[in-house]
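Comments concern the structure below.
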Amino acid sequence: MNKGSTIRSRSITRLIVVQSLYQMDIAGTDKKIIIDNFSDRVVLDDIKNNLLKSADKVFFNDLIEGVVRAQQKIDPEIDSNLPQDWKLSRIDITLRAIFRAATFELMYRLDVPFKVIINEYIEITNSFYDQKEPDLVNGVLDSIANKFKRVI
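The sequence shown runs 15 to 166 under this note's numbering.
This is the structure we're talking about:
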């Protein structure tokens with residue numbers, strides 16, 4: 015797999031992770047079921063208008079397992095970086111899934127530059143929202159990234 019297809023594969027995988035975390039949150043679906051059903055998930059490619067199955071299963075498993083395992087550390091980190099009087103437990107479920115996946119990567123995926131992580135999740139946010147949410151995600155993730163002080 016060349017670098018371009020690896021990057022695209024990770025982008026698709028991140029979107030599927032957000033969708034999966036949403037499903038886990040709203041329906042209480044167990045992570046084992048989410049991981050076992052990974053092969054059944056497909057994403058519509060807007061450019062080619064066809065279904066892609068190029069998501070990275072290893073990366074998917076790492077993110078889902080990691081978010082679930084580290085959620086007790088991730089959630090307070092998100093809460094402390096949200097605007098004053100906002101709580102993660104009270105924001106939209108899709109935004110919560112985006113914040114959790116992105117924050118896990120910022121805190122634990124040392125192999126991925128912060129700038130890449132932030133840009134990827136802003137793009138995902140743009141696919142769900144068209145108002146202030148992408149700016150909110152950018153601000154919160156940038157604040158979290160600054161706390162961990164890795165090279166962007």
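For glycine and all other residues, C-beta sits at the position ideal for the given N, C-alpha and C.
query	result
Rounded straight-line distance, which links the Cα of Asn140 to that of Thr108	12 Å
Leu29 to Leu77 span [Cα, whole Å]	11 Å
Within 9 Å, strictly: CB atoms of Phe113 and Ile92	yes
Buried or exposed (CB count within 10 angstroms, at least 16 for buried), Ser103	exposed
Coarse secondary structure for Gly153, derived from DSSP in three states	helix
Contact set for Ile158: own chain, Cβ-Cβ below 7 Å, skip 5 residues either direction	Glu91, Asn95, Thr117, Leu120
Tyr168 (DSSP reduced to helix, strand or coil)	In the structure as shown, the chain begins at 15 and stops at 166. Residue 168 is therefore absent and cannot be evaluated.
Closest by C-alpha distance to Lys146, when choosing among Pro97, Asp39, Tyr36	Pro97
Assigned exposure category for Leu124 - 16 Cβ within 10 Å defines buried	exposed
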